[in-house]
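Q: Position 18 of the sequence shown, counted from 1, bears residue number 726 in the numbering used here, the numbering being contiguous throughout.
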Amino acid sequence: ATAVKAVAHGKEAAISIDRFLRKVNVEADRIEERHRVRVEEVDMERPTEPRVDMPKHGVAGRIQSYTEVELGFEQESATQEAERCLGCAICCECELCVEACTREAIDHKMQDEILELPVGAIVLAAGYKLYDVSEYPRLGYGKFANVIHAMEYERLINASGPTHGHLIKLSDGKLPKSIGFIQCVGARDVNRGVPECSRVCCMYGIKNAVMAKEHDPEIDVTIYYADIRAFGKGFEEFYNMAKDRFGVKFIHGRVGEVMEDRKTGNLTVRVENTDEHSIQDIEHDLVVISPGIQPPWGLDVIASELGLELDETGYVPVKDELLAPVDTTIPGVFACGCVDSPKDIPDSVTAGSAAAMRATIILSQAEKKE
């Protein structure tokens, strides 16, 4: 056993001895032994971070005194080490976290509960699932280091991300000179992915392209698109600003393949340029794929429990997209977020407000009858 586990077992033994001497139930309210993670349950594909090296006295300094060899972490390095994955099923139950939580929100004895609550209305609110772009192997995701998807790109340029907001190529850590954004991967595809448009990909693709230009105006940025669907307030203006002010290039056409030069690591995008009726090979050193949006995990289970039928695309249908955009086919059950269709943040907020209002109306009517 590890030292941590030995401490935990010692505490459990002390509790048992205390209860035995007091002649009370030794087994009552004891925390069940936690499930050990099996090797086959570990996601081996997830990136790992090495442990932070503890600063130490040099060899020459160690023989001159009896001071500690390990000097301890500074605040920054201690935080970095603590932020690594702690879900290793090792906890000594010291309960210092309970003392530190001023909100008294931590209860080590809490067990799973199944509650049945009478309600007057139900609001279904859910996010979405990104299409697995590795289903398009010709685009090189998972094969070439410098092919990433949009979510990974956003983490890359985020100030709290792994590179602290610095835009780099994953192959060598250098600043990319040319970026290609491939839109509609897994969306508007009747053979693979989903047949409908994901609604948000065009605008967040343009946003990411503009952010690359703001990061370094010298970066060459190209967006490969099937159609630009800038339907919201200010969307068309933002699209034009990306072209005219920031110099983002737009090529109308589907990308067929991404190839890598093994010597340089550069990528070549082969695209069918619809406007020029030609096949073009364009070189980039970073390619970002915009995956399509799919119905959220577990939506089919929830819908089945409530007696709702899903439409052919896997979403919960609403009564009328114009007159009853949040009403499902069951009275008192309302849908918002990406439950009934893909949505961006403003549309999700609007639908959530509408669903809450519809639920409030039903509850207020019930109160009047009482």
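Glycine is no exception: its CB is placed at the ideal position from the N, C-alpha and C atoms.
(1) What does the Cβ neighbour count give for Met1065, buried or exposed, with the cut at 16 atoms within 10 Å?
(2) Going by alpha carbons, who is nearest to Ile1038 out of Gly1045, Lys1027, Leu1031?
(3) Using three-state DSSP, classify Met967 as helix, strand or coil.
(4) Quick check: the Cα distance between Ser998 and Ala829, rounded to an integer number of angstroms?
(5) Quick check: what's the CA-CA separation for Val712 versus Asp737?
(6) Cα-Cα, which of Ala722, Gly835, Glu1075 is closest to Val908?
(7) Rank Arg727, Glu904, Cys805 by C-alpha distance to the C-alpha of Asp1019 and give the top, closest one.
(8) Pull the bridge partners of Ile931 from the DSSP assignment, please.
(9) Tell me, please, which residues DSSP counts as bridged to Arg978.
(10) With Phe728 as the anchor, note down where its alpha helix (DSSP H) starts and where it stops.
(11) If you count every other CB in all the chains shown that lies within 10 Å of the CB of Arg730, and 16 or more means buried, which is it?
(12) Only counting the same chain, and skipping five residues up and downstream in sequence, which positions put a Cβ closer than 7 Å to that of Asn854?
(13) Where DSSP assigns a beta bridge to Leu878, which residues make up the other side?
(14) Spell out a yes or no on whether the stretch 817-831 and the stretch 1038-1056 are touching, meaning 3 or more CB-CB pairs, one atom from each, closer than 8 Å.
(15) Pairs of beta-carbons, one from the stretch 914-932 and one from the stretch 1002-1017, closer than 8 Å: are there three or more?
(16) If you draw a straight line from the C-alpha of Leu838 to the C-alpha of Gly1000, how long is it?
(17) Looking at C-beta atoms only, is the number of pairs between the stretch 760-770 and the stretch 778-788 that lie closer than 8 Å three or more?
(18) Mapping DSSP to helix, strand and coil, what is Gln772?
(19) Going by DSSP in three states, Leu838 sits in which element: helix, strand or coil?
(20) To the nearest angstrom, how far is the alpha carbon of Asp820 from that of Asp969?
(21) Please go through the same chain and pick out, in chain order, the residues whose beta-carbon is closer than 6 Å to the beta-carbon of Asp1048, but skip the five residues on each side of it.
(22) Which parts of the stretch 816-872 are runs of the alpha helix (DSSP H), unbroken and 4 residues or longer, counting only runs that do not cross its ends?
(23) So if DSSP puts Val1041 in a beta bridge, which residue, or which two residues, is it bridged to?
(24) With DSSP run on the structure shown, which of helix, strand or coil describes Ile936?
(25) If contact is defined by three or more beta carbon pairs under 8 Å, each pair taking one atom from either stretch, is the stretch 978-992 in contact with the stretch 954-964?
(26) Tell me which residue opens and which closes the alpha helix (DSSP H) that Ser998 is part of.
(27) Evaluate Ala950 with the Cβ neighbour count: other Cβ atoms within 10 Å of its Cβ, from every protein chain shown; 16 or more gives buried, anything less gives exposed.
(28) Is the beta carbon of Gln1002 sitting closer than 7 Å to the one on Val902?
(29) State buried or exposed for Glu724, treating a residue as buried only when at least 16 other CB atoms are found within 10 Å of its CB.
(30) In terms of residues, what are the limits of the alpha helix (DSSP H) holding Met911?
A: Reading from the atomic positions:
(1) exposed
(2) Lys1027
(3) strand
(4) 36 Å
(5) 22 Å
(6) Gly835
(7) Glu904
(8) Phe889, Phe958
(9) Glu965, Asp989
(10) 711-729
(11) exposed
(12) Lys877, Leu878, Ser879, Gly973, Leu975, Asp993, Leu994, Val995
(13) BP columns for Leu878 are empty, so no partner.
(14) yes
(15) no
(16) 6 Å
(17) yes
(18) coil
(19) strand
(20) 53 Å
(21) Tyr1023, Val1024, Val1026
(22) 858-864
(23) Ile830
(24) coil
(25) yes
(26) Note, Ser998: premise wrong, no alpha helix (DSSP H); beta strand (DSSP E) at 994-999.
(27) buried
(28) yes
(29) Correcting the residue identity first, residue 724 is Ser in this sequence and not Glu. Exposed: under 16 other Cβ atoms inside 10 Å.
(30) 909-923
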